[in-house]
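So the structure is just underneath, and the comments pick up after that.
4 protein chains.
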Amino acid sequence: MTVKVSIVGATGYTGAELVRILHSHPEVELTALTTRSYVDMPFDKIYPHLYKYNQLVCEEMNFPKLFENSEVIIIALPHGHAMPVALEAARLGKKIVDLGADFRLKDYRVYEKWYKVEHEARKLLDSAAYGLPEVNRDNIKKASLVANPGCYPTSAILALAPLLKHKLIDTGSIVIDSKSGVSGAGRGLALGSHFCEVNENFKAYNVAVHRHTPEIEQELSRIAGEPITVTFTPHLLPITRGILSTVYANLLDPPVAKDRIREAYLDYYKNEFFVRVLPDGTLPQTKWVSGANHCDIGLTLDSRTGRVIVTSAIDNLVKGASGQAVQNMNIICGLPEDMGLYGPGLYP
Amino acid sequence: MTVKVSIVGATGYTGAELVRILHSHPEVELTALTTRSYVDMPFDKIYPHLYKYNQLVCEEMNFPKLFENSEVIIIALPHGHAMPVALEAARLGKKIVDLGADFRLKDYRVYEKWYKVEHEARKLLDSAAYGLPEVNRDNIKKASLVANPGCYPTSAILALAPLLKHKLIDTGSIVIDSKSGVSGAGRGLALGSHFCEVNENFKAYNVAVHRHTPEIEQELSRIAGEPITVTFTPHLLPITRGILSTVYANLLDPPVAKDRIREAYLDYYKNEFFVRVLPDGTLPQTKWVSGANHCDIGLTLDSRTGRVIVTSAIDNLVKGASGQAVQNMNIICGLPEDMGLYGPGLYP
Amino acid sequence: MTVKVSIVGATGYTGAELVRILHSHPEVELTALTTRSYVDMPFDKIYPHLYKYNQLVCEEMNFPKLFENSEVIIIALPHGHAMPVALEAARLGKKIVDLGADFRLKDYRVYEKWYKVEHEARKLLDSAAYGLPEVNRDNIKKASLVANPGCYPTSAILALAPLLKHKLIDTGSIVIDSKSGVSGAGRGLALGSHFCEVNENFKAYNVAVHRHTPEIEQELSRIAGEPITVTFTPHLLPITRGILSTVYANLLDPPVAKDRIREAYLDYYKNEFFVRVLPDGTLPQTKWVSGANHCDIGLTLDSRTGRVIVTSAIDNLVKGASGQAVQNMNIICGLPEDMGLYGPGLYP
Amino acid sequence: MTVKVSIVGATGYTGAELVRILHSHPEVELTALTTRSYVDMPFDKIYPHLYKYNQLVCEEMNFPKLFENSEVIIIALPHGHAMPVALEAARLGKKIVDLGADFRLKDYRVYEKWYKVEHEARKLLDSAAYGLPEVNRDNIKKASLVANPGCYPTSAILALAPLLKHKLIDTGSIVIDSKSGVSGAGRGLALGSHFCEVNENFKAYNVAVHRHTPEIEQELSRIAGEPITVTFTPHLLPITRGILSTVYANLLDPPVAKDRIREAYLDYYKNEFFVRVLPDGTLPQTKWVSGANHCDIGLTLDSRTGRVIVTSAIDNLVKGASGQAVQNMNIICGLPEDMGLYGPGLYP
């Protein structure tokens, strides 16, 4: 059974990563790669690491033709641009995975407030499933439109879900201190991605106002069964790939034991291949998951202050974007969830 | 007036940085550089960036001779090794700046608990001043032994002092999430400093157990006038120089206004050249202070959660070590505090 | 058909890379990983990126037992240490791939001169095949001991073979200017691999005296059918993986046309999947082959000076070491040459 | 004696570096900083590392006013844009240092051929001095317009001048293999300067066609007294600052001794503070000169092939641009040549 897949907006970093991953996927045939900037250019001229692997030529987004030849449409466009594509694809009964933010926030008013864009597909929004399989697999299975999570939310939600599920923490005390590599900002040109501005440098940015905040809060609230507000601080690392989130929360009284916390994680993720709860004393490093679809989690109890400190690491382009998109595609197509995604990180 | 200075343990990174800084200091003559590993080797052979600048040859630590020719002894040895040197220097009436941890913690029992070393100079400890001039200048002026602060504590204490002084935060809510470049671990060989283990990588380490924790707590408690316990998490950045600390605290009720916070900082640091409270909306970047003795501070109010988020940046080898040592030396020698230390960071 | 493979010296970077690659190899079963430093330690504790993938525990090199359970022995030891292992393995009729230098130089006197070690296995040396499949496949097929090439030689020989084969250059004019990432120096601790000494830095080293020189000359001489001496200059790049060699040679009179050069390369490598002669105007970048077994080649003619400038890029740990070892193992085991090695680089 | 200096085009990296250096210059007063993109913006808002140091506000280039208040005009504009500014400044009798290429090539036809721009100031070109003090100081002293050299030419010419002056090499055999940090490409946005495209990567570019080639050839020819053609290959290093050039040439018959070569360099540079001929066995590293105005030179003789291999290292923004501009300004203003430029590199 071969699934025919088109990628809309294929020439950014997440698009290129989708192409790379899908070339190792035994049941996928790539049928079209669309672009605005590189029409008629061979994809391997834009991304020569794929020379000898990819023979497709980039094409304009051409709705009827595109949809005829594809069963699955993966959208890798900036937020605000996926809505019309998804509407058209849904109308024709295609399966859709959207890597952007347009279908992640269940309340369109929250979307419009944080993204300053009108939501043009509210009905479709209702049918979208939030695509974090480890916390929402049942809904994904039934969906034909999956909203692939943001990179920061993936790392933060997976770090916190077991604590909230087992009601181990004061839900008002959550602080998420995240650090991301530069590829999270995409291939577009910006001073903030200039090598000389990032290299041998480090900074916080968008402190307390980053758009991934409501997404994190939405999912944590759903898991906890109560409204949750968090402090979320993103930082820019001088690396290409990788996110490490350091998450702080106050344990509920009386202080829970360290073992109780570990058990909560081992239980929550007991059937999850892609989440690796590391052995006691081992803390995640971003490079261990470089190029891999894993989320590694490390647990520490600060008994002096009664806080739990969870660190989680992902490759923002894989588990934080394109790898997770393929994981979602596998789920909605009835394929084994790890197909094309099995394999450890590239270390060192 | 020329001050004769010897550096004990000159061949590590903080030693080399002392030599570099003191070459631009108009009132210092370097008289001796001691070493255990490189006896009889010209210093510029170990550190060729100083070729044509430094003509000294490294020598063994030779007490009487060393002290004869020096008025100030700067000690850049690993913790546990400064105590005998300081005892001897103090006996002979020399001025001392110690870059290590041996004289930072006022309670020797705390030192012995965290550093697993017996304190052999308890009496001398009583006379030592904690060398963070911006919070402790009056005591430094009177001291002849200055305990130069740790790199993390410098960044954390300067970030928090105004909030505590003005009693603006819940003192039980402090979380310090710090990120440091690799030079903080010194020039010694260790797998954790191997290029391939650090480059394109990021991790937390020593979570909740780092030895700088009691030092931070000691000084914050002194400023606040009450015992303070903090959660402190260090991380390793793939850069050579720089520390950025992101500090979280809950504001006291009723929530203070943003302006009130900024005023507290501007007031606290109004006469401090080396602390730069950045303009509203500007957040520090480590590279802006690379090679400079500044501590840059950025302020953000997370009004959704009632937290203040302070980011502070230093060069761990300068304001976090050798630059601050020269600042302290200037103070105890009656020289202008910024002598040899004036100048912006090397950017980009 | 599953091949049972043991790795002797598995805990260095080339060992870890072998383990990573072989986990994706459908016809290999890893039976033992030997070590001197980490006996009885689970391999995934030394290399946690392999957590959930590898369940082997490191063991001492135990000859009879090791060889009983393995058909192929891959040796990843420092030079001088592979000879006794290979002798024992050969005695028992095992197939051997040695990643070190002990069996690369056909003349043991050249080996002893450059490596300052006595050659203890001269007879076995005679039967060893130099393991660069693209220039020596026929001999490899017949061999049971393959000497895997050095990383620099792989990049240099592949860059020059077509020019020499087609007698297009003055063989006395060859200059090889190579630049390598730090992983080429291994995981051992050395000041030259310390992050702070390498990061944001660049240098040449071992100029005109590097041990890979005679290996390059041996193979180029064989291809050219005449003795060839080259100037070879290695440099250290602040990256983990990758070698780029820039090779200069004077074209023979009358100057050959640009097309003639390109044709020589396309012809020489027409059946080689792992060598990619890039399109005209495209020059290799090390990251395009990161994690992949490709050698990318770019061609430029400097018509003003009559020189040809060839740049070649490999991942030093893959095509320059462990990937090529698996390629050689595939050949001597009769498996498809690209098994376990298919796939593009991880970019960006 | 205070010199009033304006910088035209101050907001690029070389402009910012001029500002940084001139803040440590005891005899300079900065009077104006012009810009096209940041009119009316405080300079320390564009470059916050200068916060508390620089109070100037960027202004449009305003000819009469600008020239009234300045004795020296330093031009840091892209090539093609300096000609009209220099014409106007020269008409008013100002001293000029131009960091771009407009006045470097003595033959305007060579300029027009390589830069594809018409030369609008041919007369002024005749009066310009090529600003490499170590090889052309006498002419600079007499000039009022100095053409500051390119970064690559600075490193290449200083590496070769003694060999040519002493006629030690075959002038037809020169190969210059140069590697530069990214700041050499400026602060402008381009995919080639995007962090993710450069980091953990390495490539050659503009092979055999780089515009610095005729500049290198012009000066080498002048020194040698005969026309010289070279092969020049630039590469892009994943570092911010630094150029290392590895230069190859065949020694003339009979082979000269190693000592003879070293003597030629020591003699040629015996009075030059900024050129450091490193001790035998020591090879330059770019970081040793980071932030400093030195050019470090290392010498190796490849006796097997009869080639000399010279490596030279500079900071491309200092000795390769802004530092050398200040050195030239000092010369034409009659100030000590090292004023504001004394000091070693920032290491590590």
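Residue numbers (the UniProt record's numbering), protein chains in the order written: chain A, 1 to 348; chain B, 1 to 348; chain C, 1 to 348; chain D, 1 to 348.
Using N, Cα and C, we set each Cβ at its ideal position, and we do this for glycine too.
Note that the structure is predicted; figures quoted are calculated from it, not measured.
Taking the straight line between their C-alpha atoms, what separation do you get for B/ASN139 and B/TYR130?
8 angstroms
Among residues of its own chain, excluding the 5 on either side of A/LEU168, which ones have a beta-carbon nearer than 7 angstroms to its beta-carbon?
LEU251, LEU252, VAL256, ILE261, ALA264
Rank C/PRO84, C/ASN136, C/ILE174, C/ALA224 by C-alpha distance to the C-alpha of C/GLU118 and give the top, closest one.
C/PRO84
Quick one: list the residues of chain D neighbouring B/LYS52, beta-carbon separation under 9 angstroms, in chain order.
PHE273, ARG276, HIS294, PRO344
Leaving out five residues before and five after C/LYS95 in sequence, what residues of the same chain have Cβ atoms less than 6 angstroms from its Cβ?
VAL72, SER144, ILE332
Could you name the residues of the same chain whose beta carbon sits closer than 6 angstroms to that of B/ALA82, not counting the 5 residues immediately before and after it, in chain order?
ILE75, ASP98, GLY100, ASP102
Exposure of C/ASP267, with buried meaning 16 or more beta-carbon neighbours within 10 Å
exposed
Against B/ARG20, what residues of chain D qualify as contacts under a CB-to-CB distance less than 7 angstroms, listed in chain order?
PRO344
Name, in chain order, the residues that DSSP records as bridge partners for B/ALA204.
B/HIS235
Going by DSSP, which residues form a beta bridge with C/THR246?
C/ASP177, C/THR311
Using a Cβ cut-off of 8 angstroms (strictly closer), state whether D/THR229 contacts chain A.
no
Kindly indicate if chain A contains any beta-carbon less than 8 angstroms away from that of C/PRO133.
no
Please state if the CB of B/THR311 and the CB of residue 350 of chain B are separated by a distance shorter than 8 angstroms.
This structure cannot speak to residue 350 of chain B, because chain B is shown only from 1 to 348.
Which stretch, first to last residue, makes up the beta strand (DSSP E) that contains D/VAL72?
72 to 75
For the segment 176 to 185 of chain C against the segment 222 to 241 of chain C, do three or more pairs of beta-carbon atoms, one drawn from each stretch, fall closer than 8 angstroms, so that the two count as touching?
yes
For A/MET1, which option in A/LEU163, A/LYS258, A/PRO26, A/VAL8 has the closest C-alpha, if you only look at C-alpha atoms?
A/PRO26
How about A/THR34 and A/GLU60: do their beta carbons lie closer than 8 angstroms?
yes
Mind listing the chain A neighbours of B/PRO48? Cutoff is C-beta to C-beta under 9 angstroms, in chain order.
Neighbours of B/PRO48 on chain A: none; closest Cβ ~21 angstroms, over 9 angstroms.
C/HIS194 - DSSP class collapsed to helix/strand/coil:
strand
Is it buried or exposed, C/ASP302, if we count other Cβ atoms within 10 angstroms and call 16 or more buried?
buried
Pick from C/MET329, C/ASP40, C/THR229: whose alpha carbon is nearest that of C/ILE157?
C/THR229
Best match in A/PRO336, A/MET329, A/LEU346, A/TYR347 for proximity to A/LEU18 [C-alpha to C-alpha]:
A/MET329
So, are the CB atoms of B/SER290 and B/PRO234 less than 8 angstroms apart?
no
Please report the distance separating the alpha-carbon of A/VAL275 from that of B/ALA204.
18 angstroms
In the DSSP assignment, what residue or residues form a beta bridge with A/ASP126?
Beta-bridge pairing links A/ASP126 to no other residue.
For A/GLU226, which option in A/LEU164, A/ALA249, A/ILE297 has the closest C-alpha, if you only look at C-alpha atoms?
A/LEU164
Just to confirm, are C/CYS295 and C/LYS319 a CB contact at a threshold of 8 angstroms?
yes
List the endpoints of the continuous alpha helix (DSSP H) containing B/ASP44.
43 to 46
Where in the segment 272 to 314 of chain B do unbroken runs of the beta strand (DSSP E), each at least 3 residues long, occur, reported from the N-terminal end onward?
275 to 277, 295 to 302, 307 to 314
Output yes or no for whether 8 angstroms exceeds the beta carbon distance between C/PRO48 and A/LEU125.
no
Contact check, A/LEU317 vs A/THR14, beta carbons under 8 angstroms
yes
Would you say A/ARG307 faces chain B, with C-beta separation under 8 angstroms as the test?
yes
Under a three-way DSSP split, which group does B/ALA121 fall into?
coil
Thinking just about the alpha-carbon of each residue, which of C/CYS58, C/SER24, C/PRO42 is nearest to the one in C/GLY9?
C/CYS58
Counting only Cβ pairs nearer than 8 angstroms, list the residues of chain C close to A/TYR13.
PRO348
What does DSSP give as the partner residues of D/LYS4 in its beta bridges?
D/GLU29
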